[in-house]
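Novice: In mature numbering (1 follows the signal peptide of the UniProt record, and there is no 0), the protein residues as written are -24 to -1, 1 to 566. Glycine is no exception: its CB is placed at the ideal position from the N, C-alpha and C atoms. Below are the structure tokens for one structure; questions will follow.
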Amino acid sequence: MALGVMSLLCSFLAVLSIAMTASAGDEAALLAFKAHLSNGGLLASWNSSAGFCSWKGVTCSHRRPARVVALRLNATGLAGPLSPAIGNLTFLRTLDLGTNSLHGGIPASLGCLRRLQELYLGENSFSGTLPVNLSSCTSMTNMGLYNTKLSGRIPAELSEKLTSLVAISLRNNSFTGPIPASLANLSRLQVLDLSNNQLVGSIPPGLGSIQSMRFFNLFGNNLSGVLPPSLYNWSLMGAFEVGYNKLHGNIPDDIGSKFPKLYYLGLGHNQFTGTIPSSVSNISSLKTIGLNHNGFSGYVPPTLGKLGALQTLYFADNKLEADDNDGWEFITSLANCGKLKTLELSINSFGGQLPGPIVNLSTTLRFLQVMNNRIFGSIPADIGNLVGLEVLGIANTLITGVIPETIGKLKNLVDLGLYNNSLSGLIPSSLGNLSQLNRLYAYYGNLEGPIPASLGKLKNLFVLDLSKNYHLNGSIPTEIFKLPGLAWYLDLSHNSLSGPLPNEVGRLTDLNRLTLSGNRLFGKIPDSIQNCLVLEWLSLDNNLFEGSIPRSLRNIKGLRVLNLTMNKLSGNTVIFLMLLAILEAWKNYT
């Protein structure tokens, strides 16, 4: 019924268009479109002093009279509702209003645009449902309605009538219900992106009949069931992404012959099980393999090194295995992958010694994590060979030995996690060479000796945590308190540090949390600590501080946690804390 009414409406508009000159009808439609928008300055050129074919974003045909065939105003700051008058531009072939601030519903009158081939309304704030009337735009080849606020079900009528569609992107909306089985009618479809919605149910097996499919993305929905075997008939498939759903089942053993052109395989955050087929190594075009957060088990195929284009491996949070006898061969093999950038192996059942050949991986490697495994042994002395690393995580393992001095060669390192191991020995002074380092976590270990003053060269350091090493001793280098980027937290608690707390602590003006508990620090708490204006958490308990509690602490307005217990401070700490609370309450009241 709705489509019948729409047909009558479009017919009426066509008659109305004949009643006035065609050009005048297009100009009137454009001016009506402009009148609904609050950004008049951008479309200031849209006036009768110049022909509408010269207006910004307007393209006309070469026929006489000239008709508007394209309206392209992508990312031009348009704000307001989309006028239904846009449906009067009956010769329109391209409508691109993406990346603006348009809101309200998508007008049903767009269904009058029978010649429309390309519709791009993504990156706006449209609401409501997807108009069924769009199914009347039977010439449409590309539909981009991504990242708006559309909801409701995806109308089955779209895929029943828009059989010329080549690409559909409805990602980042709030569509609900199942994926319409009628999508199988779109025999020319190459791109289907329904990611980040609220779709439920199983994936329609009929989709496998679309032999032209090259890009398939259902990431971030609530889909369940198994992957239909028919999907593996997509011999032209390049990117296959179904992550963050509730899918289960195995990867077929012969996947290597099913997707010969595949460059992206994303199955992460599902419930897949079984082994990783060795045939995956036959897909020579593969750049990314994402199998993280599933239940895959067994050994990683030792032939992955055949994938010369490989850049990213996400294998975290599975049940993959290795020990000193078998399972680590893939690391040696990956040394042949000269473009490898990411290797994520955390949260598995990898055991045995961390293989030495890991230092032979590509110098393009940026991300390496082997956390939460049962690996032991030491960090290879030549870890500094991986000069491209930006993130290195060797944490929550059984690793022992020292932190290699060569780690100072990793000058691109931004994030270093060496916590909850049994690392011992001195903290290498070469860490001070990591000029890009943003986060340094080395807590819960057996590190000993002084904290190197060279850490004071880490001008970009945002967080430093060396807590609970117990045998770290000596005084806290004043250079630590001069780090300009230290803003999140500094935790040196539960070590054997001694000496006074330097006046330079007041230079941590952007620090949110300072924890120095459980050391042997002595002397007075310096008044300069009041300069730590954004401090919310201050723990100095279980030390040897003496003297009176600085009244200047009340100047730290945002202080929420203060622990000075188990020291030799004079005065009544409890009363002081109560006074601080009263003062803070009074500040908030006034």
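Can you check DSSP and say which residues form a bridge with residue 567?
Specialist: Summary: the structure shown does not reach residue 567, with the chain confined to residues -24 through 566, and so no result is reported for it.
Novice: What is the DSSP secondary structure of P154, counted as helix, strand or coil?
Specialist: Position 178 of the sequence shown, counting from 1, holds the residue named residue 154. DSSP places P154 in strand when its eight states are reduced to three.
Novice: Could you spell out the range, first to last residue, of the beta strand (DSSP E) harbouring A215?
Specialist: Looking up residue 215 in the sequence shown gives position 239. Here the beta strand (DSSP E) through A215 covers 215 to 217.
Novice: Nearest by alpha-carbon distance to G242: which of S171, M347, A371 is it?
Specialist: Position 266 of the sequence shown holds residue 242. Taking only the C-alpha atoms, the option nearest G242 is S171.
Novice: Would you kindly check if the distance between the Cβ of N445 and the Cβ of Y419 is under 9 Å?
Specialist: Locating residue 419 in the sequence shown gives position 443, where the first residue counts as 1. Locating residue 445 in the sequence shown gives position 469, where the first residue counts as 1. Yes, Cβ-Cβ distance for Y419 and N445 is below 9 Å.
Novice: Hey, quick one: how far does the beta strand (DSSP E) through T264 stretch, first residue to last?
Specialist: Along the sequence shown, read from residue 1 onward, the residue named residue 264 stands at position 288. That run of the beta strand (DSSP E) goes 264 to 266.
Novice: Thinking C-alpha only, which one of I179, G232, G214, L194 is nearest S206?
Specialist: Working through the sequence shown from its first residue, we reach residue 206 at position 230. With distances taken between Cα atoms, S206 lies closest to I179.
Novice: Does the Cβ of K137 have 16 or more other Cβ atoms within 10 Å, making it buried, or fewer, making it exposed?
Specialist: As a first step, residue 137 is located in the sequence shown; it is residue number 161 there, counting from the start. K137 comes out buried.
Novice: Measure the beta-carbon distance from Q129 to G104 and round it to whole angstroms, keeping in mind my assumption that it falls under 8 Å.
Specialist: Here residue 129 is taken as the residue at index 153 of the sequence shown, counted from 1. Here residue 104 is taken as the residue at index 128 of the sequence shown, counted from 1. The sequence as given places Arg at residue 129; Gln does not occur at that position. Rounded, the Cβ-Cβ distance is 12 Å, inconsistent with contact.
Novice: What residue does the beta strand (DSSP E) around K544 start on, and which one ends it?
Specialist: One-based indexing of the sequence shown puts residue 544 at position 568. Run containing K544: 544 to 546, per the beta strand (DSSP E) assignment.
Novice: Using the DSSP secondary-structure output, state which residues sit across from Y290 in a beta bridge.
Specialist: Locating residue 290 in the sequence shown gives position 314, counting from the first residue. BP columns for Y290 point to G266, E320.
Novice: Count the other C-beta atoms from every protein chain shown that fall within 10 angstroms of the C-beta of P331, then say buried if there are 16 or more, exposed otherwise.
Specialist: Numbered from its first residue, the sequence shown carries residue 331 at position 355. Its Cβ being crowded by 16 or more others within 10 Å, P331 is buried.
Novice: What would DSSP say about K222, mapped onto helix, strand or coil?
Specialist: Residue numbering aside, residue 222 sits at position 246 when the sequence shown is read from its first letter. The answer is strand: DSSP assigns K222 an E or B state.
Novice: May I have a chain-ordered list of the beta strand (DSSP E) segments no shorter than 3 residues that lie completely inside the segment 37 to 65?
Specialist: Within the segment 37 to 65, the complete beta strand (DSSP E) runs of at least 3 residues are 44 to 48, 55 to 57.
Novice: Taking the straight line between their C-alpha atoms, what separation do you get for L497 and S451?
Specialist: Within the sequence shown, numbered from 1, the residue matching residue 497 stands at position 521. Within the sequence shown, numbered from 1, the residue matching residue 451 stands at position 475. If you take the alpha carbons of L497 and S451, they lie about 8 Å apart.
Novice: Using the Cα positions of N422 and L442, report the straight-line distance between them to the nearest angstrom.
Specialist: By one-based count along the sequence shown, residue 422 stands at place 446. By one-based count along the sequence shown, residue 442 stands at place 466. Their Cα atoms are separated by approximately 10 Å.
Novice: Let me know if V202 comes out buried or exposed under the rule of 16 or more other beta-carbons within 10 Å of its beta-carbon.
Specialist: Here residue 202 is taken as the residue at index 226 of the sequence shown, counted from 1. V202 should be labelled exposed.
Novice: Near D2, what residues of its chain come up, given a Cβ to Cβ distance below 7 Å and the 5 sequence neighbours on each side ignored?
Specialist: Here residue 2 refers to the residue found at position 26 of the sequence shown. Same-chain partners within the cutoff: F28, R43, V44, L65.
Novice: Of the choices G364, E455, V481, V439, whose alpha-carbon is the least far from that of G461?
Specialist: For the purposes of this step, residue 461 is identified with residue 485 of the sequence shown, where counting begins at 1. Comparing Cα-Cα distances from G461 to each of G364, E455, V481, V439, the minimum goes to V439.
Novice: Taking only the alpha-carbon atoms, compute the straight-line gap between L199 and N518 and give it to the nearest angstrom.
Specialist: Your numbering for residue 199 matches position 223 in the sequence shown. Your numbering for residue 518 matches position 542 in the sequence shown. Whole-angstrom Cα-Cα distance: 53 Å.
Novice: By Cβ distance below 6 Å, which residues in the same chain neighbour M119 in space, the five residues on each side in sequence not counted?
Specialist: Taking the first residue of the sequence shown as position 1, residue 119 is located at position 143. Result list for M119: L95, I144, in chain order.
Novice: If the criterion is Cβ atoms closer than 9 Å, does the pair S135 and L110 meet it?
Specialist: Translated into positions along the sequence shown, residue 135 becomes position 159. Translated into positions along the sequence shown, residue 110 becomes position 134. No, they are not a contact pair.
Novice: Hey, how far is the Cα of P426 from the Cα of L473?
Specialist: Counted from its first residue, the sequence shown places residue 426 at position 450. Counted from its first residue, the sequence shown places residue 473 at position 497. Each residue's alpha carbon lies about 8 Å from the other.
Novice: Between G126 and the rest of its own chain, which residues show a CB-CB distance below 8 Å, the 5 nearest in sequence each way excluded?
Specialist: Counted from its first residue, the sequence shown places residue 126 at position 150. Residue 126 is actually Leu in this sequence, not Gly. Excluding sequence neighbours, L126 sits near I82, F102, S103, G104, T105, L106, L146, N149, S150, F151.
Novice: Specify the secondary structure class of S188 as computed by DSSP and reduced to three states.
Specialist: The count along the sequence shown starts at 1 and reaches residue 188 at position 212. Note: S188 maps to coil in three-state DSSP.
Novice: If you check the beta carbons only, do L289 and I259 fall under 9 Å apart?
Specialist: As a position in the sequence shown, residue 289 is number 313, starting the count at 1. As a position in the sequence shown, residue 259 is number 283, starting the count at 1. In this structure, I259 does not lie closer than 9 Å to L289 by Cβ.
Novice: How is F195 classed by DSSP in three states: helix, strand or coil?
Specialist: Within the sequence shown, residue 195 is the residue found at index 219, counting from 1. Coil.
Novice: To the nearest angstrom, how far is the alpha carbon of T249 from that of V218?
Specialist: Here residue 249 corresponds to residue number 273 of the sequence shown, with the count starting at 1. Here residue 218 corresponds to residue number 242 of the sequence shown, with the count starting at 1. Taking the straight line joining both Cα atoms gives about 15 Å.
Novice: Among the residues of its own chain, which have a CB less than 7 Å from the CB of residue 567, if the five just before and after it don't count?
Specialist: Here the chain has residues from -24 to 566 only, and residue 567 is not among them.
Novice: Answer yes or no: do L407 and L434 have a C-beta to C-beta separation smaller than 9 Å?
Specialist: Residue 407 sits at position 431 when you count from the first residue of the sequence shown. Residue 434 sits at position 458 when you count from the first residue of the sequence shown. Yes, they are a contact pair.
Novice: Skipping 5 residues on each side, what residues in its chain have a beta carbon closer than 8 Å to that of F235?
Specialist: Position 259 of the sequence shown holds residue 235. Excluding positions up to five away in sequence, the list reads Y208, W210, S211, M213, F216, L241, I259.
Novice: Would N301 be called buried (16 or more neighbouring beta carbons within 10 Å of its own) or exposed?
Specialist: As a first step, residue 301 must be located in the sequence shown, where it is residue number 325. Exposed.
Novice: Pop quiz: D358 and G328 are said to be a contact at Cβ under 8 Å. What is the actual Cβ separation, rounded to whole angstroms?
Specialist: If you number the sequence shown from 1, residue 358 lands on position 382. If you number the sequence shown from 1, residue 328 lands on position 352. Not a contact, Cβ separation roughly 19 Å.
Novice: Relative to the alpha-carbon of G499, which residue among A61, Q412, S546 has its alpha-carbon at the smallest distance?
Specialist: Translated into positions along the sequence shown, residue 499 becomes position 523. Answer by Cα proximity: S546.
Novice: Starting from P476, follow its DSSP beta bridges and name the residues at the other end.
Specialist: Translated into the one-based positions of the sequence shown, residue 476 becomes position 500. DSSP, once it has assigned bridges, lists F498 as partnering P476.
Novice: Quick check: what's the CA-CA separation for L344 versus L168?
Specialist: Indexing the sequence shown from 1 puts residue 344 at position 368. Indexing the sequence shown from 1 puts residue 168 at position 192. Using only the alpha carbons, I get a separation of about 32 Å.
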